[in-house]
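A.B. asks:
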Amino acid sequence: MTEQYRAALEDLLFRMADDALIYGHRNSEWTGLAPLLEEDIAFSSIAQDKLGHALALYRMLHEMGHPDPDQLAFMRSEHQFRCCHLVELPTQDYAVALMRHALFDYAEHHRYELLEESSYAPLAALARKVRGEIKYHIFHASTWLRMLGVEGTDESRARMQAALDMLFPYALGIFEPTQQEETLRELGIFPGEGILREHWLEDVVPLLESAGYRVPEPSEVEPVVGGRHGYHTEHLQPLLEEMTAVFRIDPTAEW
Amino acid sequence: METSAMVSREDILGLLEQVHDPEIPMLSVVDMGIVSDIEIEPEKIHVILTPTFVGCPAIELIRSAVREKLSSLGVPTVEVTVDYTRPWSTNRLSERGRQILAQHGFAPPPRYEGDFEPEILLNAACPYCGSTNTQLRTPFGPALCRAIYYCNDCRQAFEQFKPL
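Chains as they are written, first to last, in the working numbering: chain Y, 1 to 255; chain D, 1001 to 1164.
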């Protein structure tokens, strides 16, 4: 592996792993609190899947010489994280949780689909492995988009629409390019955030419209960016403090 | 004690049939189809396991149970690795595994060709009364590989080992 290949690959792996970890943690916050028992189980299960994906990605980084997955997940500072702002946002409103779930997981679905052809074989293998899991995530998301949209009430539609309007600029921030964009494409690791954004829009816009929502015109929306370069919302640091509280009591403890 | 040169694939599979998945304890790792490869050398056995879901929390437990079970063969080195480069799907569940699931009130996963679509989750047959007048309550359940249903005819909740 050349230095150039390694740098590009690491850039991508940290973005993906941090998204999965932080999004997984946010989903786990619904454990015990979701409005229905089935939803409690769904968000908890999706959280568990995402932590599994984060672990697999941190393991790849570990095999490339980085600290072990626990250290990467729990001992880095806020500015070392490369997650997008969408996954950091706190969700006290279930409509926001569901809408983010749809926006984020359709992007994950397309990202992993593109990665099935990656020149980095372990990443291509992981992508093929998680395909079925993410199908369940988007199946869950699209079911609720319809139930609270075309099949819902005025109130449910209005709350989901407000969530969509609020989250859309953050969702576009998923695709914030980094300096490695070109290299990732040239080396066949990943075709790039630009292509991913196109695939996502082609899928998500008709899906949202058929579920009864008005989608903002993407070209007129300013994406919320910064996360891919280590600049985060004020919500990430408190999340990290809570998530790592037990680990930091004794980082060398055996579990 | 047998000499290690005499260990066969069947010996190993026979022992692995006694190792069970802690989340679906009636199924062995062989019935689950998660034993994806066995390599036998004179001084070493190498077993490769493929987890059902990437985040399966039981896999480390299964791995150490497999290693412990195979240590009775007397081969100097028993290596058990977990990776997902080899494909796994619920189509790999054995016929016996499917029957055991049904006997325990679990609908076995439907078989599928090519890629599955989550819609095949709908209308699972109730393992108690056989009715397909059932309702998927949630594609997620008490473990990552389980989905929850309700049978409108016999009015029982039941689970399905969900297709993947």
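All residues carry an ideal CB built from backbone N, CA and C; glycine is no exception. Model, not experiment: these values are computed from the prediction.
(1) Just checking my contact of residue 208 of chain Y with residue 164 of chain Y at CB under 8 Å: how many whole Å lie between their CB atoms?
(2) If you check the beta carbons only, do residue 1046 of chain D and residue 1010 of chain D fall under 7 Å apart?
(3) Using alpha carbons as the reference points, say which of Y:3, Y:1, Y:9, Y:2 lies closest to residue 178 of chain Y.
(4) Roughly how many whole angstroms lie between the Cα atoms of residue 1125 of chain D and residue 55 of chain Y?
(5) Do residue 1000 of chain D and residue 1016 of chain D have their C-beta atoms within less than 7 Å of each other?
(6) Residue 1148 of chain D versus chain Y: which residues are under 8 Å apart at the beta carbon?
(7) Please state whether the Cβ-Cβ distance between residue 141 of chain Y and residue 93 of chain Y is less than 7 Å.
(8) For residue 79 of chain Y, report the span of its alpha helix (DSSP H) as first-last.
(9) Quick check on residue 249 of chain Y: buried or exposed, where buried means 16 or more other Cβ atoms within 10 Å of its Cβ?
(10) Spell out whether any CB of chain Y is found under 7 Å from the CB atom of residue 1155 of chain D.
(11) To test your reading of the DSSP string, which unbroken alpha helix (DSSP H) runs of 4 or more residues are found completely within the region 1032-1074 of chain D?
(12) Hey, residue 1104 of chain D and residue 1032 of chain D are a contact pair by Cβ (cut 8 Å); roughly how many whole angstroms apart?
(13) So what does residue 1024 of chain D bridge to, in DSSP terms?
(14) Compile a chain-ordered list of the residues in the region 1052-1072 of chain D whose CB is closer than 8 Å to at least one CB of chain Y.
(15) Taking 7 Å as the CB-CB limit, is residue 1158 of chain D close to chain Y?
(16) Could you check what DSSP says for residue 103 of chain Y in three-state terms: helix, strand or coil?
(17) Measuring only from the beta carbon, is residue 1006 of chain D closer than 6 Å to any heavy atom that is part of the ligand ZN?
(18) Give a yes or no on whether the minimum CB-CB distance between residue 176 of chain Y and chain D is below 7 Å.
(19) Is residue 1053 of chain D near residue 38 of chain Y, with beta carbons less than 7 Å apart?
(20) Cα separation between residue 1063 of chain D and residue 1077 of chain D?
(21) For the alpha helix (DSSP H) that residue 43 of chain Y lies in, which residues bound it at each end?
(22) Please classify residue 52 of chain Y as buried or exposed, where buried requires at least 16 neighbouring CB atoms within 10 angstroms.
(23) Could you tell me the alpha carbon to alpha carbon distance between residue 4 of chain Y and residue 67 of chain Y, rounded to whole angstroms?
(24) Alpha carbon to alpha carbon, how far is residue 1071 of chain D from residue 83 of chain Y? Give it in angstroms, no decimals.
(25) Exposed or buried, residue 1183 of chain D, counting other C-beta atoms within 10 Å across all chains shown (16 or more means buried)?
(26) Below 8 Å on the Cβ atoms is my guess for residue 1153 of chain D versus residue 1086 of chain D; work out the distance and round it to an integer in Å.
(27) Going by other Cβ atoms of all chains shown within 10 Å of its Cβ, with 16 needed for buried, is residue 1099 of chain D buried or exposed?
(28) What does the alpha-carbon distance come out to for the pair residue 218 of chain Y and residue 1021 of chain D?
(29) Where does the unbroken beta strand (DSSP E) through residue 1173 of chain D begin, and where does it stop?
(30) How would you label residue 180 of chain Y, buried or exposed, when you count the other beta carbons within 10 angstroms and need 16 or more for buried?
(31) Comparing C-alpha positions only, which one of D:1075, D:1139, D:1088 sits nearest to residue 1042 of chain D?
(32) Assign residue 1146 of chain D to one of three DSSP states: helix, strand, or coil.
(33) Checking 7 Å against the spacing of the C-beta atoms, do residue 1090 of chain D and residue 1109 of chain D come in under that value?
(34) Rounded to the nearest angstrom, what separates residue 236 of chain Y and residue 78 of chain Y at their Cα positions?
(35) Give every residue of the same chain whose Cβ lies closer than 7 Å to the Cβ of residue 168 of chain Y, excluding the five residues on either side of it in the sequence, and list them in chain order.
(36) Straight-line CA distance for residue 1044 of chain D to residue 1092 of chain D?
C.D. replies: Taking the geometry as given:
(1) Contact annotation, residue 208 of chain Y with residue 164 of chain Y: C-beta distance approximately 7 Å; criterion of less than 8 Å satisfied.
(2) The answer is no: Cβ separation not under 7 Å.
(3) Per the Cα distances, Y:9.
(4) Residue 1125 of chain D and residue 55 of chain Y: Cα-Cα distance of roughly 35 Å.
(5) What is shown of chain D runs 1001 to 1164, which leaves residue 1000 of chain D out entirely.
(6) The answer, in chain order, is 38, 41.
(7) No. Outside cutoff.
(8) Per DSSP, residue 79 of chain Y belongs to no alpha helix (DSSP H) and is neither H nor E.
(9) Per the 10 Å Cβ criterion, exposed.
(10) The C-beta of residue 1155 of chain D comes no closer than 7 Å to any C-beta of chain Y.
(11) For the region 1032-1074 of chain D, the full-length alpha helix (DSSP H) segments reaching 4 residues or more read 1059-1070 along the chain.
(12) With a Cβ gap of about 14 Å, residue 1104 of chain D and residue 1032 of chain D do not count as contacting.
(13) Under DSSP, residue 1024 of chain D takes part in a beta bridge, and its partners are D:1021.
(14) In summary, the residues of the region 1052-1072 of chain D whose CB is separated from some CB of chain Y by less than 8 Å are 1053, 1054, 1055, 1056, 1057, in the order they occur in the chain.
(15) Any Cβ of chain Y closer than 7 Å to the Cβ of residue 1158 of chain D would place that residue at the interface, and such an atom is absent.
(16) Under the three-state reduction of DSSP, residue 103 of chain Y is assigned to helix.
(17) Among the components modelled here there is no ligand, and therefore nothing to report on the ligand ZN.
(18) Residue contact with chain D for residue 176 of chain Y: absent (no Cβ-Cβ distance below 7 Å to any residue of chain D).
(19) No. Outside cutoff.
(20) Rounded to the nearest angstrom, the two C-alpha atoms are 15 Å apart.
(21) Following the DSSP letters along the chain, one finds residue 43 of chain Y inside the alpha helix (DSSP H) bounded by residues 37-63.
(22) Residue 52 of chain Y comes out buried.
(23) Whole-angstrom Cα-Cα distance: 20 Å.
(24) The alpha-carbon separation between residue 83 of chain Y and residue 1071 of chain D amounts to approximately 44 Å.
(25) Limits of chain D in this structure are 1001 at one end and 1164 at the other, which puts residue 1183 of chain D out of reach.
(26) In fact, because the Cβ distance is near 40 Å, the residues do not count as touching under 8 Å.
(27) Residue 1099 of chain D is exposed by the Cβ-count criterion.
(28) Those two C-alpha atoms are separated by around 47 Å.
(29) One cannot answer for residue 1173 of chain D here, as it falls past the ends of chain D, which runs 1001 to 1164.
(30) When all chains shown are included, residue 180 of chain Y counts as buried.
(31) Residue nearest to residue 1042 of chain D within the set D:1075, D:1139, D:1088 is D:1075 (criterion: CA-CA distance).
(32) It is a strand residue.
(33) Contact flag set, yes.
(34) One C-alpha to the other measures close to 7 Å.
(35) Here the set comprises 216, 221.
(36) Each residue's alpha carbon lies about 26 Å from the other.
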